[in-house]
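These notes concern the structure reproduced below.
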Amino acid sequence: MANEIIVIQIRKVILDVILLNCIGWPILFLFLWGSAYQRGFFCNDTSLIHPYHESTVPSWTLYITGIALNCVVMSLTEFLNRPADKRDVYMMGVKIPNWIYNLYCVIGIFAFGAACSQLTTDVLKYTIGRLRPHFITVCKPDVCQNGSFTDYVYHEEFTCTNALFKDNARIMKELRLSFPSGHSSFSMYTMLYFAIYLQKRMTWNGSTLLKHTLQFLGVLSAVFTACTRVSDYKHHWSDVMCGLLLGALVASVTASLLRKNSNPHERDSYNVQKPIVGSDNSVPVINKYFVICLYFKGETFLHITKYVYLVFYNCTIFLDVIQKQSFKLVKSGPI
-5 MANEIIVIQI RKVILDVILL NCIGWPILFL FLWGSAYQRG FFCNDTSLIH PYHESTVPSW
55 TLYITGIALN CVVMSLTEFL NRPADKRDVY MMGVKIPNWI YNLYCVIGIF AFGAACSQLT
115 TDVLKYTIGR LRPHFITVCK PDVCQNGSFT DYVYHEEFTC TNALFKDNAR IMKELRLSFP
175 SGHSSFSMYT MLYFAIYLQK RMTWNGSTLL KHTLQFLGVL SAVFTACTRV SDYKHHWSDV
235 MCGLLLGALV ASVTASLLRK NSNPHERDSY NVQKPIVGSD NSVPVINKYF VICLYFKGET
295 FLHITKYVYL VFYNCTIFLD VIQKQSFKLV KSGPI
């Protein structure tokens, strides 16, 4: 039986990249120029007077580990799974390794989910503007001097007087971005996606517990990262809890897309066309750009009749493909 053939349409790849950028650029915009909601406070609010600590898990460690770990594991897994995938994949008339196509699918889904999780987190942060637990310690508001910690007055206009931090615009901005926890949402998304991916795509049977051990360690690292945000007084416990739930929710929704791509024969995002199987000399329909190549094994009337029939049959299929492709130009979307 001839292999299944997949033709990747370049316009869909371009559209995927454009849509991913439409979600990614707002994240960068908020990071560089976003302004959080100016929430007030009470000077006697004991939840805002915790000491300032450096992060146990820095942001650069979080993002590099979460992204790099998934990309490395996905690349290795798809490469090792390549013998089981018998499809032929073409892009712009060039045959590409099928594991590269699979890797594009799973990493594309992962990147899209990560961008959605991060953008949702940032929108909530800048909209709510909740103050961090070390707000009063870092800011030292002028309205909270001279024993005013006993006053039940809600302050919205104030000036930070702490000489150590008042000139650090980034720290001053971060003081209002407590809810939800970005570390918690991102770590939970990446590690839960990592666990789900292993469950669906890891096929190595050398050890029964290897896959489950990796899944456990991944999710445990996400929980550990979230807990450090509380112990470092970067977030309130409710910020961390909501961040974990948000990351888990986005990972679960994204996994529904991964499920479709976990089985090579369930993908419908590109022009997937099955070969015509009728005999040992079956001729596959590639796509509307293909050329039917016939190899005549004999000069008998029977052979000639058979190949004429195959040409006629493939022409009808060819016309049907053109009709369906023109219809998909409107209905088709990105992976």
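Under the numbering used here, residue 329 is the last one in the sequence shown; the count climbs by one each step, no gaps. Note that CB positions come from ideal geometry on N, CA and C, so glycine has one too. As the structure is a prediction and not an experimental result, all values here were calculated from the model.
Say whether the stretch 123 to 131 touches the stretch 222 to 229, bearing in mind that this needs 3 or more beta-carbon pairs closer than 8 Å, one atom from each stretch.
Touching, yes, given that three or more Cβ pairs across the two stretches are closer than 8 Å.
VAL88 bridges to which residues according to DSSP?
Answer is MET85, bridged to VAL88.
How should VAL147 be labelled, buried or exposed, when 16 other C-beta atoms within 10 angstroms of its C-beta is the threshold for buried?
With fewer than 16 Cβ atoms within 10 Å of its Cβ, VAL147 is classed as exposed.
What does a CB cutoff of less than 7 Å around ARG164 pick up in its chain, not counting 5 residues either side in sequence?
Taken in chain order, the list of residues that qualify is empty.
Using the beta-carbon count (16 or more within 10 Å), is PRO45 buried or exposed?
Flag for PRO45 reads exposed.
Can the beta-carbon of ILE21 be found less than 8 Å from the beta-carbon of GLN112?
Result yes, Cβ atoms of ILE21 and GLN112 sit closer than 8 Å.
Over the uninterrupted beta strand (DSSP E) stretch that includes VAL137, give me the two end residues.
For VAL137, no beta strand (DSSP E) run applies, since DSSP gives it neither H nor E.
Local conformation of PHE330 per DSSP, three classes:
This structure cannot speak to residue 330, because the chain is shown only from -5 to 329.
In chain order, what residues of the same chain lie with their CB nearer than 6 Å to the CB of GLY18, ignoring the 5 residues before and after it?
Excluding sequence neighbours, GLY18 sits near ALA109.
Pairing CB atoms from the stretch 99 to 109 with CB atoms from the stretch 201 to 212, are three or more of them under 8 Å?
Short answer: they don't touch.
Neighbour-count burial assignment, TYR379, 16 or more Cβ in a 10 Å radius:
It is not possible to answer for residue 379, since the shown part of the chain is limited to -5 through 329.
Tell me whether LYS356 is buried or exposed, calling it buried when 16 or more other Cβ atoms sit within 10 Å of its Cβ.
There is simply no residue 356 to check, as the chain begins at -5 and stops at 329 in what is shown.
According to DSSP, is HIS47 part of a helix, a strand, or is it coil?
Under the three-state reduction of DSSP output, HIS47 falls in the coil class, being neither helix nor strand.
Starting from VAL11, trace the beta strand (DSSP E) in both directions and tell me its first and last residue.
Annotation: VAL11 is outside any beta strand (DSSP E); the continuous alpha helix (DSSP H) that includes it extends over 4 to 27.
Closest by CA to ASP136, which one among ARG124, ILE122 and GLU151?
The residue with the shortest Cα to Cα distance from ASP136 is GLU151.
Report the option in LEU211, TYR98, ASN92 and THR222 whose CA atom is closest to the CA atom of MET68.
Among LEU211, TYR98, ASN92 and THR222, the Cα nearest to that of MET68 is on TYR98.
On the three-pair Cβ rule with 8 Å, is the stretch 215 to 224 touching the stretch 232 to 250?
Contact between the stretch 215 to 224 and the stretch 232 to 250 is present, because at least three Cβ pairs lie under 8 Å.
Any 3 or more C-beta pairs closer than 8 Å across the stretch 178 to 197 and the stretch 209 to 218:
Yes, since at least three Cβ pairs between the stretch 178 to 197 and the stretch 209 to 218 fall closer than 8 Å, the two stretches touch.
Across the stretch 161 to 177 and the stretch 60 to 76, are there enough close Cβ pairs to call them in contact, namely three or more that are closer than 8 Å?
With a cut-off of 8 Å, the stretch 60 to 76 and the stretch 161 to 177 do not count as touching, because too few Cβ pairs lie within range.
CB-CB length for ASP233 against SER181, believed under 8 Å
Between SER181 and ASP233 the Cβ distance is about 14 Å, and since that is not below 8 Å, they are no contact.
TYR187 - containing alpha helix (DSSP H), residue span:
TYR187 -> alpha helix (DSSP H) spans 176 to 195.
Three-state secondary structure assigned by DSSP to TYR31:
For TYR31, the three-state secondary structure derived from DSSP is coil.
Check TYR227 in the structure and name its three-state DSSP category.
Three-state DSSP puts TYR227 in coil, outside helix and strand.
Decide if VAL1 is buried, meaning its Cβ has at least 16 other Cβ atoms within 10 Å, or exposed.
A residue is called buried when at least 16 other Cβ atoms come within 10 angstroms of its Cβ; VAL1 meets this threshold and is buried.
Cβ shell of VAL51 (< 6 Å), same chain only, five flanking positions each side left out:
These residues qualify, in order along the chain: THR219 and THR222.
Selection from TRP93, TRP198, TYR57 and LEU74 that minimises the alpha carbon distance to VAL330
Because the chain is modelled from -5 through 329, residue 330 falls outside the range shown and cannot be assessed.
Between which residues of its own chain and LEU42 is the CB-CB distance below 7 Å, once the five residues before and five after are set aside?
Counting only Cβ-Cβ distances below 7 Å, and skipping sequence neighbours, we find PHE35, LEU125, PRO127, PHE129 and ILE130.
Looking at ILE103 and THR197, is the spacing between their C-beta atoms short of 8 Å?
Their beta carbons are not under 8 Å apart, which means THR197 does not touch ILE103 by this criterion.
Kindly indicate which residue of ALA245, ASP145, CYS154 and VAL11 has the alpha-carbon position closest to the one of THR40.
Selected option, being the one with the closest Cα: ASP145.
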